[in-house]
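Chains as they are written, first to last, in this note's numbering: chain A, 4 to 233; chain B, 65 to 342; chain C, 163 to 272.
Ideal Cβ positions, reconstructed from N, Cα and C, are used throughout, including at glycine.
Only a predicted model underlies this, so the values are computations on that prediction, with no experimental measurement involved.
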Amino acid sequence: MKKPANLVIAVLVALLGFAVAVQFKAGGSDAALSSARPEDLVRILSDLDAQQERMRGAISDLEDTQRQLDSGAQGRDAALADARKRADELGILAGTLPAEGPGLRIDLMQGTEAIKSETVLDAIEELRGAGAEAMQIAGAGGPAVRIVASTYFVDGPDGGRLVVGGTTLAAPYTITVIGGPDTMRTALNIPGGVVDSVRQHGGTVSVHEADPVHVTALHTAGALQYAKPA
Amino acid sequence: MTSPRRDDLLGELFRNPLDPGYTAAAARRGDAAPPRSGRWLTAAAMLAIGLLLAVAYHQVVAAAPGTTKAREDLAADVRSRQRTADELQRRAAELRAQVDQARDDALAGGDNASRLRDLAAGTGTSKVTGDGVAVRVVDAPAQVDPVTGRTSEENLGLVLDRDLQDITNGLWQSGAEAIAVNGQRLTATSTIRTAGGVILVDFRPVTSPYEVTAIGPPDITDTFGRSVTAKRFKRYVDEYRMQFSVKKRTKLTLPAADEPPLRYARTPSPSPSGGPSR
Amino acid sequence: MIAVIALAIGVAAGIFLEPTVPPGLAPYLPIAVVAALDAMFGGVRAKLDGIFDDKQFVVSFVSNVLVAGLIVYLGDKLGVGGQLSTGVVVVLGVRIFGNVAAIRRHLFRA
């Protein structure tokens, strides 16, 4: 009578092990999403939709280019044109080339309290999240500074100054950004967002839409010294 | 035979889970059959129990949904769209690689290809390797109120998107040339934002523990370790029981970010890139 | 037999009629369910032991639910709601397990 019992025990223990393993696996990053609020999920959804649209556009462009490159006769011309286009795009991203396109001009004017670097950093992040493609920030009467991946923001020595990637700017600040104007405007105006937090500190934000806006400041990118292509 | 101690309540509980009333009633009745009227009482009680079970089910499972189900549907939507987004990105990256290859073949090398590669490395769109630093922050564990046994709703030691933004900001300031957050490479258009309790980097969720890796000059670990941001986080460790560490790392490899498509920005014509090889 | 039918009718009524629970009582619903289950299993075990008594069953059901609810309510007012609630659930759970084990012994002789 022992054998059947052993078999049953073995099966049950195996099921237990399976259940434990599944439980461990299930408690992954999915759990993170299930604790988010519905409003936040809706926002993530709309961002994902916008991003998907951009991706689909990019894919169709790439497919066109691929078709052109594959067609023998125009191959070389298409290759040159694509190389030029790619260099342009990378240049815009790297900040070594000027850019123009539809976008916004955002003026941040400080009131009683100085505008902190966290607020400006938050604004840049929000704009990036809303699809900003090229940005520059200018201070009062000074030259503009191009904003790229490695641009950092620190509070200046006295109030009312901002240090952007090594250049000191004085308030009020103007951010010029190229991207989908409506999406970016919405992102700035969300409750608790940039417009709210500047207003809470006594400042004002004014947003102007224009097509095109010009991002002309350039970022002198030194060659990478420590990060080597892998 | 030892009789159970009168004050051994827990032991009694385990030994005699049945109400002593039943045995007492049976003893009182003796051998007589139970009265028929009693059955209706029992039936009424069972009806009530059935009602209670069904109502409780409704309350807990079926009715809570107003919010729970809708939110679960949303979460499922988000997950499936993330999957689609991932696939689209994979396809785009694939196409990009094919186009690059076809273009390089057509141009037969030359300095254009290398120029593009250098540009790409600087914008985060190509894989890089080097020495640098790894900054690790972990959420503080949830506070448990000793009296009620409930975990407190707000956890001041949770890492926010702002914290990760500050750390990356500080690392750029300390001279970093490439940064990745939990394996997601940062570009000029990368976003770090919170939605509910989740931090998203470029729409991909990342969870605690968070590791921000950066490649930069040899002294980057010290420079960042002495920065205002690092000092502030060390304070958070004491105040809110967050965890924070800055460690030097060698031979870091940061993956390439997917190249963000530019839909609005264009270079002012004519193209400043001009023609290639002269 | 009648008891089982009554249970089924109760469940069906609850599912189809969907009575709304007054919000004040909603938090006590889960503990009431556990208390009711304890009374029910106690009854089944008594039946199998041959000492079932209807009056005892009804009294134990009603008093279980009321006392459990009262204890939790008191606990909430005193600020130890979580603890007392856990205590009640533990006690009821132990009783349910004990009775179910006895029922199992009756049914399966195991």
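The C-alpha of B:Ala112 lies about 16 Å from the C-alpha of C:Met163. Apart from sequence neighbours up to five positions away, the residues of its chain that approach B:Arg296 with a beta-carbon distance below 8 Å are Asp230, ordered along the chain. DSSP places A:Gln228 outside both helix and strand once states are collapsed to three, so it counts as coil.
By the neighbour-count definition (other C-beta atoms within 10 Å, threshold 16), B:Thr314 is an exposed residue. Among the residues of the segment 255 to 272 of chain C, those with a Cβ less than 7 Å away from any Cβ of chain B are Val256, Arg257, Gly260 and Asn261, in the order of the chain.
With respect to C:Val166, B:Met110 sits close: the two C-beta atoms are nearer than 9 Å. The shortest C-alpha to C-alpha distance from A:Ala61 to any of B:Thr331, B:Arg330, B:Pro325 and B:Ala90 is the one to B:Pro325.
Only those residues of the segment 98 to 117 of chain B whose C-beta falls short of 9 Å from the nearest C-beta of chain C are listed: Pro98, Pro99, Ser101, Gly102, Arg103, Trp104, Leu105, Thr106, Ala107, Ala108, Ala109, Met110, Leu111, Ala112, Ile113, Gly114, Leu115, Leu116 and Leu117. Here DSSP, grouped into helix, strand and coil, assigns B:Ser254 to coil. Counting every other CB atom within 10 Å of its CB across the protein chains shown gives C:Ser247 a total of 16 or more, marking it as buried.
In terms of beta-carbon proximity, B:Ala252 lines the interface with chain A, with at least one pair separated by less than 9 Å.
Distance from the CA atom of A:Pro184 to the CA atom of A:Asp91, rounded to whole angstroms, is 22 Å.
Residue environment for A:His222: buried (at least 16 other C-beta atoms within 10 angstroms of its C-beta). Annotation: the continuous alpha helix (DSSP H) that includes C:Arg207 extends over Leu191 to Asp211. For a cut-off of 8 Å, the C-beta gap from A:Leu100 to B:Val142 is around 36 Å, too long to register as a contact. Pairing B:Phe78 with A:Ala8, the inter-Cα distance amounts to about 28 Å. When Cβ pairs closer than 8 Å are counted between the two stretches, the segment 190 to 205 of chain A is seen not to touch the segment 139 to 148 of chain A, the count staying below three. Below the 9 Å Cβ cutoff, chain A contributes Leu227, Tyr229, Ala230 and Lys231 as neighbours of B:Ile279, in chain order. For C:Leu191, the chain B residues whose C-beta falls within less than 9 Å of its own C-beta are Leu116, Val119, Ala120, Gln123 and Val124, listed in chain order. In the DSSP annotation of this structure, the continuous segment of the beta strand (DSSP E) that includes A:Asp110 starts and ends at Ala102 to Met112. Excluding five sequence positions before and after B:Asn233, the CB atoms of its chain that fall closer than 8 Å to its own CB belong to Thr293, given in chain order.
Counting along the chain, C:Ile167 sits inside the alpha helix (DSSP H) bounded by residues Ile164 to Leu179. Annotation: B:Leu82 is outside any alpha helix (DSSP H) and is labelled neither H nor E by DSSP. Chain B has a Cβ within less than 9 Å of the Cβ of C:Gly176. Within the DSSP bridge table, the entry for B:Phe308 names B:Val201 as partners.
Residue pairing from DSSP leaves B:Asp168 without any beta-bridge partner.
Cβ contact annotation for B:Thr253 (same chain, cutoff 8 Å, sequence separation greater than five): Pro324, in chain order.
DSSP, read as helix, strand or coil, puts C:Tyr235 in helix. Taking the Cα positions, C:Gly176 is about 10 Å away from C:Ala170.
Residues of the segment 66 to 90 of chain B with a C-beta atom less than 7 Å from some C-beta of chain C are Leu77, Phe78, Pro81, Leu82, Asp83, Gly85, Tyr86, Thr87, Ala89 and Ala90, listed in chain order. Considering only beta carbons, the part of the segment 220 to 240 of chain B lying closer than 8 Å to chain A consists of Asp225, Arg226, Gln229, Asp230, Asn233, Gly234, Trp236, Gln237 and Ala240, in chain order. At least one CB atom of chain B sits nearer than 9 Å to the CB of C:Val183. At a cut-off of 9 Å between beta carbons, B:Arg200 makes no contact with chain C. Annotation for B:Tyr121: the continuous alpha helix (DSSP H) segment containing it runs Ser101 to Tyr121. Using beta-carbon distances, A:Gly183 counts as an interface residue toward chain B, with a partner under 9 Å. Annotation for B:Ile263: the continuous beta strand (DSSP E) segment containing it runs Val262 to Val265.
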